[in-house]
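Residues in the sequence shown are numbered consecutively from 0, following this note's numbering.
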Amino acid sequence: LLQGGLGWQSRLLGPACASVLAVDVLTADGEIIHADEHENSDLYWAARGSGPGFFGIVMRFHLRTHPRPPVTMASVQVFPLEVYEEVLTWAIETGPDLDPRVEILFVATNPRLEDGSTAPGPTAIQIIACAMADTEAEARDILSALDTNPVFDTAVTRTTFPATMDQMYAAVDALEPSGHRWLADNMWTDAGADVLVPQLRELFTTVPNDISHVLWYPWRDHPIDAAFSNTGRSYIAAYAGWDDPAQDAAYVGWVTGQMRRLEPLSKGIQLGDENLVNRPWRYLAEDNERRLEELREQYDPDGRFFGYLGL
Ligand SMILES: Cc1cc2nc3c(=O)[nH]c(=O)nc-3n(C[C@H](O)[C@H](O)[C@H](O)COP(=O)(O)OP(=O)(O)OC[C@H]3O[C@@H](n4cnc5c(N)ncnc54)[C@H](O)[C@@H]3O)c2cc1C
Numbered sequence: 000l001l002q003g004g005l006g007w008q009s010r011l012l013g014p015a016c017a018s019v020l021a022v023d024v025l026t027a028d029g030e031i032i033h034a035d036e037h038e039n040s041d042l043y044w045a046a047r048g049s050g051p052g053f054f055g056i057v058m059r060f061h062l063r064t065h066p067r068p069p070v071t072m073a074s075v076q077v078f079p080l081e082v083y084e085e086v087l088t089w090a091i092e093t094g095p096d097l098d099p100r101v102e103i104l105f106v107a108t109n110p111r112l113e114d115g116s117t118a119p120g121p122t123a124i125q126i127i128a129c130a131m132a133d134t135e136a137e138a139r140d141i142l143s144a145l146d147t148n149p150v151f152d153t154a155v156t157r158t159t160f161p162a163t164m165d166q167m168y169a170a171v172d173a174l175e176p177s178g179h180r181w182l183a184d185n186m187w188t189d190a191g192a193d194v195l196v197p198q199l200r201e202l203f204t205t206v207p208n209d210i211s212h213v214l215w216y217p218w219r220d221h222p223i224d225a226a227f228s229n230t231g232r233s234y235i236a237a238y239a240g241w242d243d244p245a246q247d248a249a250y251v252g253w254v255t256g257q258m259r260r261l262e263p264l265s266k267g268i269q270l271g272d273e274n275l276v277n278r279p280w281r282y283l284a285e286d287n288e289r290r291l292e293e294l295r296e297q298y299d300p301d302g303r304f305f306g307y308l309g310l
């Protein structure tokens, strides 16, 4: 809620912070104040997008809730790495214009197939999509856009099924299991497929083990008058997961080095998957960052709260 919040239905409803109607904040001088569009509106502006750099403690979020669509259909497709170029080109060209009720993730990983085996190659390309709608027919219709993938027939596995929220959460947990060491880094970009597909090849094809992964996600712009800003047409994130602390340097180096290589394409980063300690990079639009720092000075002149790590 503080850093933005990207998840199911975000392409339709915007980041989670767009549904924050008000916050009750404990400020640096020990007061609890209510902030919304009309009252303390600058604090309300800052609380939506500043994430771990917010200069107050939110005691209560007041949220706009949304009706949950009755049907959720999930679709999982796994492609061999050989068709990386075709699948990613298609995804980048069509993804941002997909029906807003569909969420689609394009993941480079070593997914487990239904029979328990691992997909071929050092990594495979997995498309995980879900559509929320009023009826199953409508959800299937929305997901049928995935069939326009020109190498659809090369899928190693392809399945579409009605999913419960428990199954959806379990699928996300399976992607990022607990009990490991993790490092993420990310970027927003407006670059087109002609630039991204060749530039991302090294990142997508060097995923170091079967829990690490890379994802690409199409975004629909939802401009809001809040600190949250700086998004792009595509979101790209790399997640390294490992166990042995002796290997920290190698995994941190893979994530950080790959994202540093891609910096020329990057508009900025998302605070949810930030790597500011190793790679400080722009996390808000320039004007928003300036305004946030002015408000920090006003609300927390003695620096009682930590700001952003590494900056
Ligand atoms: C594996 C993984 C996957 C993720 N996937 C997604 C995703 O799909 N979409 C997405 O949007 N994000 C994602 N994130 C980021 C995640 O949303 C953030 O880590 C999350 O918002 C942190 O919430 P928390 O409650 O765990 O906060 P904490 O880790 O407890 O806190 C995060 C920061 O907020 C501050 N904070 C906490 N509570 C308050 C408060 N009440 N008032 C003021 N400051 C406070 C803390 O001091 C800290 O700086 C992912 C993170 C991980 C590790």
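Here a beta-carbon is modelled for each residue, glycine too, at the ideal position from N, C-alpha and C. In this text the structure is predicted, and so the values were computed from the model without any measurement.
V75 and R10 have their alpha carbons spaced roughly 19 Å apart.
Residue environment: P14 is assigned as buried (16 or more neighbouring CB atoms within 10 Å of its CB, all protein chains considered). Judged by DSSP in its simplified three-state form, Y307 adopts coil rather than helix or strand.
If you draw a straight line from the Cα of T204 to the Cα of S211, it is about 12 Å long.
9 Å or more divides the Cβ of F78 from the Cβ of V196. Short note on Y43: C-beta not closer than 8 Å to any heavy atom of ligand 1. When DSSP reads this structure, Q166 sits in no beta bridge, so it has no partner. Ranked by how close their Cα comes to the Cα of L142, the residues T153, V150, T158 have T158 in first place. Distance from A162 to T71 at the Cβ level is roughly 5 Å; contact confirmed, criterion being Cβ atoms closer than 8 Å. Between M131 and Q8 the beta-carbon gap is near 6 Å, inside 8 Å, which marks them as a contact. Per DSSP, F151 lies in no alpha helix (DSSP H) and is assigned neither H nor E. Assignment of beta-bridge partners to I210 by DSSP yields no partner. Under the Cβ criterion (8 Å, minimum of three pairs), the region 292 to 307 does not count as touching the region 249 to 266. When the beta-carbon positions are compared, A45 and H33 stay at least 9 Å from each other. Taking the CA atoms as reference points, L0 sits about 14 Å from D272. Counting C-beta pairs closer than 8 Å gives fewer than three between the region 281 to 291 and the region 241 to 251, which falls short of the contact rule. In terms of side-chain proximity, the C-beta atom of V57 is found nearer than 8 Å to a non-hydrogen atom of ligand 1.
Relative to the Cα of A236, the nearest Cα in the group D35, L62, T108, P66 belongs to T108. In this structure the region 86 to 99 does not lie against the region 35 to 50, because fewer than three pairs of beta carbons, one per stretch, are closer than 8 Å. In terms of CA proximity to P66, S18 leads the group A27, L5, S18.
Taking the CA atoms as reference points, E38 sits about 24 Å from G306. Within its own chain, the residues whose Cβ lies closer than 6 Å to the Cβ of R59, once the five positions on either side in sequence are excluded, are D23, listed in chain order. The beta-carbon separation of G48 and L283, rounded to 7 Å, stays under the 8 Å limit for a contact.
Cβ-Cβ separation between E175 and Y216: approximately 14 Å, too far for a contact (criterion under 8 Å).
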